[in-house]
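In mature numbering (1 follows the signal peptide of the UniProt record, and there is no 0), the protein residues as written are -20 to -1, 1 to 136.
From the three backbone atoms N, C-alpha and C, an ideal C-beta is built for every residue, glycine too.
Keep in mind that this is a model prediction, so the values were computed, not measured.
Right, one structure below, let's go through it.
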């Protein structure tokens, strides 16, 4: 389990280092909460901060948040925009997140690390992300928050 946490930390660090060396972050995402379709036994207030470096074809995001179990989680994702405009974006993403003590509740996990994937929708400074269910009690999770452009990013 320690090896996987170390691997995840190195993956996150490598992602940030590789992209930070090219430019400062392009976008900040502040998560505020989530809704769990078909199960209400989760925390709905999930503050977090994520930073995205937008490449010509992919975006790389790292961040930390309070998860729906009340613990601290980190995540690193790569996203591919399907539609990208100044005021609107639709992207698909995949990556890894830490869920210490709860990863076994997810469909794809190893130790405290889970695989995540979903769709992200942004309109101006508001976003929502849709995650498919965990294979057990949750059919869909929707997270939401606000986002801010931090600089010039390549047009997709």
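Coarse secondary structure for residue i, derived from DSSP in three states
i: residue 84; result: helix
i: residue 66; result: coil
i: residue 53; result: strand
i: residue 61; result: strand
i: residue 6; result: coil
i: residue 40; result: strand
Rounded separation between residue i and residue j - CA only
i: residue -11; j: residue 56; result: Only weak support is given to the placement of residue -11: the predicted model assigns it a pLDDT of 48, under 50, and the question is left unresolved by the model.
i: residue 73; j: residue 18; result: 23 Å
i: residue 50; j: residue 13; result: 12 Å
i: residue 127; j: residue 91; result: 31 Å
i: residue 154; j: residue 79; result: Given that the chain is displayed from residue -20 to residue 136, the structure contains no residue 154 and the question cannot be resolved.
i: residue 43; j: residue 124; result: 15 Å
Within 9 Å, strictly: CB atoms of residue i and residue j
i: residue 23; j: residue 53; result: no
i: residue 5; j: residue 131; result: yes
i: residue 69; j: residue 101; result: yes
For residue i, the first and last residue of its enclosing beta strand (DSSP E)
i: residue 48; result: Where residue 48 is concerned, there is no enclosing beta strand (DSSP E), given that its DSSP letter is neither H nor E.
i: residue 34; result: 25 to 34
i: residue 129; result: 120 to 129
Neighbourhood of residue i by C-beta, 6 Å cutoff - its chain only, sequence neighbours within 5 removed
i: residue 89; result: 83
i: residue 122; result: 15, 108, 110
Residue i Cβ short of 8 Å to the ligand SAH heavy atom set
i: residue 123; result: As for the ligand SAH, it is missing from this structure, which has no ligand bound.
Neighbourhood of residue i by C-beta, 7 Å cutoff - its chain only, sequence neighbours within 5 removed
i: residue 3; result: 33
i: residue 63; result: 69, 70
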